[in-house]
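Worksheet for the structure shown next.
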Amino acid sequence: MSFLTIDGYVLKKCIIAGANLLDANKEYVDSLNVFPVPDGDTGTNMSLTTMAAALEASKTNTPDIYEVAKAASSGSLRGARGNSGVILSQLFRGFAKALKGKSVANVDDLANAFAAAAETAYKAVMKPKEGTILTVAKALSEKAFQASYETDDIVVFLEEVIKHANGVLANTTNMLPQLKQAGVVDAGGQGLMYIVEGGLKAVGTDGEITLNTAKKAYADMTPFSLTRTEDIKFGYCTEFFVNLVKHEQSAEDSFKDYLQSIGDSIVMVSDDNLIKIHVHTNNPGKVLERALKIGSLENIKIENMRVQHTNKISFAATPKPVAPVQEEMKDVGFVAVSMGSGMKELLESLGVDCVIEGGQTMNPSTEDVLEAIQKVNAKDILVLPNNKNIILAAEQAAKLTKDKQVHIIPSKMITQGISVLIHYIPDSIENVLQTANESIKNVCTGQITYAVRDTMLDEKEIKQGNILCMIENKIEIVCEDLDTGCIELVEKLIAENADASFISIYYGQDVTEAQANSLVEFITENYSSYDVELHFGNQPLYYYIISIE
674 MSFLTIDGYV
684 LKKCIIAGAN
694 LLDANKEYVD
704 SLNVFPVPDG
714 DTGTNMSLTT
724 MAAALEASKT
734 NTPDIYEVAK
744 AASSGSLRGA
754 RGNSGVILSQ
764 LFRGFAKALK
774 GKSVANVDDL
784 ANAFAAAAET
794 AYKAVMKPKE
804 GTILTVAKAL
814 SEKAFQASYE
824 TDDIVVFLEE
834 VIKHANGVLA
844 NTTNMLPQLK
854 QAGVVDAGGQ
864 GLMYIVEGGL
874 KAVGTDGEIT
884 LNTAKKAYAD
894 MTPFSLTRTE
904 DIKFGYCTEF
914 FVNLVKHEQS
924 AEDSFKDYLQ
934 SIGDSIVMVS
944 DDNLIKIHVH
954 TNNPGKVLER
964 ALKIGSLENI
974 KIENMRVQHT
984 NKISFAATPK
994 PVAPVQEEMK
1004 DVGFVAVSMG
1014 SGMKELLESL
1024 GVDCVIEGGQ
1034 TMNPSTEDVL
1044 EAIQKVNAKD
1054 ILVLPNNKNI
1064 ILAAEQAAKL
1074 TKDKQVHIIP
1084 SKMITQGISV
1094 LIHYIPDSIE
1104 NVLQTANESI
1114 KNVCTGQITY
1124 AVRDTMLDEK
1134 EIKQGNILCM
1144 IENKIEIVCE
1154 DLDTGCIELV
1164 EKLIAENADA
1174 SFISIYYGQD
1184 VTEAQANSLV
1194 EFITENYSSY
1204 DVELHFGNQP
1214 LYYYIISIE
């Protein structure tokens, strides 16, 4: 049986099936990451992003293919995690835009959608690199254009597109030296192919396809138990989506002003003609009535926080309540990402207003960053991603923020973020940004972790369980003993930073205080001209993070 067109119902099944296939294979995609350190999370990030897209698509009930594609695009954007997830969200976005005005799609329409997807993703990356997910997306696009002239059958069309793209994926091994040395294909490209292959399997299937995921509960009893029921100013947590009749910024701004007049904890995430609303208010009915003036409503959820609070605190002792304080708007506020309770406490002591838990293996989503930004009451907000894999998600969050000036400082490591905070001096925002960007350049960072698999990298033979000592994310030392690795790394850091005078050591959850003090003693005894600070970061995965400046 041939299929000349597909509609929204079929596309929804394709997206869900693609998400399910990637989810089933995410550990394999994670394992393709070239670096043998325990942060191989491409598969996990792409799976979470695609699941967010599929979850939004699954809420639709329309044969209109553009409406389904648009829902998936919106879900992927807000759920995007890591660089691979952000790039994937741009593929969804381009795909959807090409289908605008279409109720069904034929092979020509799908070819245009694949082309727009690749083009949009390439534009999202400042310095596109071949041999990556972008290369595979381009291969899908190029073959789709050719195949659309050769067949009208969508199944045959997709089979040819997938066959060609898999061939290009296999060749990514030869496109990047790191992939060739490790003997693997690009992880992001492999993840993308699972999505497309899953979609093909759904074409022509009967019945619904269920998303293989369950919503996680993020309820935290502690914040409720610190507040008396009578101290909850606005009692109803109100969440819903607005499908705009027409996107007008003035109407959106007016609606937000109205929300501020009758509530707090306001978060508005907009994407083309869809707005997600979160507000705490005493008048949810008025909120919904006002929202109906700008569009139709869906996924309405209203919860009585006073009832929730009473139920929750019945299971826990309630400490002496602290009277709520209305914060004045600051000139500059900070949002930072970190892992480990010690790191979090340190960042807060240095002036960070909101710390997002995340980092290696646990990249926060675009919406996580956006919600953190909304919590900070400041004219200008500096976001410190502190991880190269979070910068793109932070930049997406900044673009979605409508009412605040958000500046992404491209800190790739927690040590760079700490340096920015230490050197912060209140000044004009232009000078603050200049100082921040200079600060991240003056820090050299060493990290000590362990190998999660056997591999060859930069002519170094690495065995699973080896101690890996890195400088600026490049593996410099491979050994079997942690203490030996620490000493060799410190010696190399000092040798390569002759003008430095200050060393900071952050030890992780798998290191004892006695071990960390021994490292400090070695430095002070052998390099007495250096000032050394020791902090308990309590970070996972990394035994030590050491900065020198």
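With our numbering, letter number 426 in the sequence shown gets 1099, and the count goes up by one each step, no holes. The beta-carbon is built from N, C-alpha and C at its ideal position, and this holds for glycine as well.
Does the count of Cβ pairs from the region 1068-1081 and the region 768-785 closer than 8 Å reach three? Using a C-beta cut-off of 8 Å, the region 1068-1081 makes no contact with the region 768-785, since fewer than three inter-stretch Cβ pairs fall below that distance.
Tell me the residue span of the alpha helix (DSSP H) that contains LEU1057. Not the alpha helix (DSSP H): LEU1057 falls in the beta strand (DSSP E), residues 1051-1057.
Output the boundary residues of the alpha helix (DSSP H) element that contains VAL1016. Per the sequence shown, residue 1016 should be read as Met rather than Val. Taken as a continuous stretch (DSSP letters only), the alpha helix (DSSP H) holding MET1016 covers 1014-1022.
Comparing C-alpha positions only, which one of PRO1213, GLU1001 and SER969 sits nearest to SER1014? PRO1213
Given ILE1063, which residues of its chain have a CB within under 6 Å of its CB, disregarding the five upstream and five downstream residues? Excluding residues within five positions, the ones whose Cβ falls inside 6 Å are VAL1010 and ASN1036.
So LEU917 and ILE948 are supposed to be a Cβ contact under 8 Å. How far apart are they, rounded? 7 Å
Taking all protein chains shown into account, decide if GLU1186 is buried (16 or more other Cβ within 10 angstroms of its Cβ) or exposed. exposed
Cβ-based neighbour list, LEU684, same chain, cut-off 7 Å, excluding 5 preceding and 5 following: ILE738, VAL741 and ALA742
Quick one: grab the DSSP three-state call for HIS837. helix
Hey, does THR793 have any beta-carbon neighbour from chain D nearer than 8 Å? In the structure shown, chain D cannot be found, because there is only a single protein chain.
What span of residues does the beta strand (DSSP E) with ILE1121 cover, start to end? 1117-1123
Inter-residue Cα distance where the pair is TYR1123 and PHE1175: 26 Å
Nearest residue (CA-CA) to PHE1007, options GLN1182, ALA1109 and LYS802: ALA1109
For GLU1103, which residues in the same chain have their Cβ closer than 8 Å to its Cβ, ignoring the five residues on either side in sequence? none
Check whether the Cβ atoms of ALA745 and GLY872 lie closer than 8 Å to each other. no
Under the assumption that TYR1203 contacts GLN1120 (Cβ atoms under 8 Å), give the Cβ distance between them as a whole number of angstroms. 19 Å between Cβ atoms; not a contact.
What residue from CYS1152, ALA810, LEU1192 and GLN1047 has the CA that sits closest to LEU1073's CA? GLN1047
Apply the 10 Å Cβ neighbour rule to THR1118 and answer buried if 16 or more other Cβ atoms are within range, or exposed otherwise. buried
For ILE868 versus LEU1130, is the C-beta spacing smaller than 8 Å? The answer is no: Cβ separation not under 8 Å.
Please state if the CB of PHE768 and the CB of ALA786 are separated by a distance shorter than 8 Å. yes
Return the residue from the list ALA820, LEU750, ARG766 and LYS796 that minimises the CA-CA distance to ASN779. ALA820
So if DSSP puts GLU971 in a beta bridge, which residue, or which two residues, is it bridged to? Its beta-bridge partners are PHE914.
Can you give me the start and stop residues for the alpha helix (DSSP H) that GLN1069 sits inside? 1064-1073
At the level of alpha carbons, what is the spacing between ASP680 and ALA1066? When rounded, the distance between both Cα atoms is 31 Å.
Determine, using beta carbons only, whether VAL915 and ILE882 come nearer to each other than 8 Å. no
DSSP state of PRO994, grouped into three classes? Caution is warranted here: a pLDDT of 43 is assigned to PRO994, below 50, making its placement in the model unreliable, and the coordinate value is therefore given only provisionally. Looking at PRO994 - three-state DSSP - the assignment turns out to be coil, as it is neither helix nor strand.
Once you ignore the five residues that flank HIS837 on each side, which residues in its own chain have a CB closer than 7 Å to its CB? ALA812 and LYS816
Coarse secondary structure for GLY767, derived from DSSP in three states: DSSP places GLY767 in helix when its eight states are reduced to three.
Length at least 3, wholly inside the region 1095-1182: the beta strand (DSSP E) runs in chain order: 1117-1123, 1128-1130, 1133-1135, 1140-1144, 1147-1152 and 1175-1180
For GLU870, count neighbouring C-beta atoms within 10 Å of its own C-beta (all shown protein chains included) and say buried if the count is 16 or more, exposed if not. buried
Grab me the residues of GLY1138's own chain with a C-beta within less than 7 Å of its C-beta, minus the 5 sequence neighbours each way, in chain order. TYR1123 and ALA1124
With DSSP as the reference, label LYS888 as helix, strand or coil. Low confidence applies here, because LYS888 scores a pLDDT of 36, under 50, leaving its location unreliable; read the following figure in that light. Coil at LYS888, not helix or strand.
DSSP has TYR1217 in a bridge; who is on the other side? ILE1121 and TYR1180
Cβ pair GLN1089, ASN1059 closer than 8 Å: Closer than 8 Å, so yes.
Check whether the Cβ atoms of SER757 and GLY861 lie closer than 8 Å to each other. In this structure, GLY861 lies closer than 8 Å to SER757 by Cβ.
Cβ distance (whole Å) where ALA875 is taken to contact CYS687 below 8 Å: 5 Å
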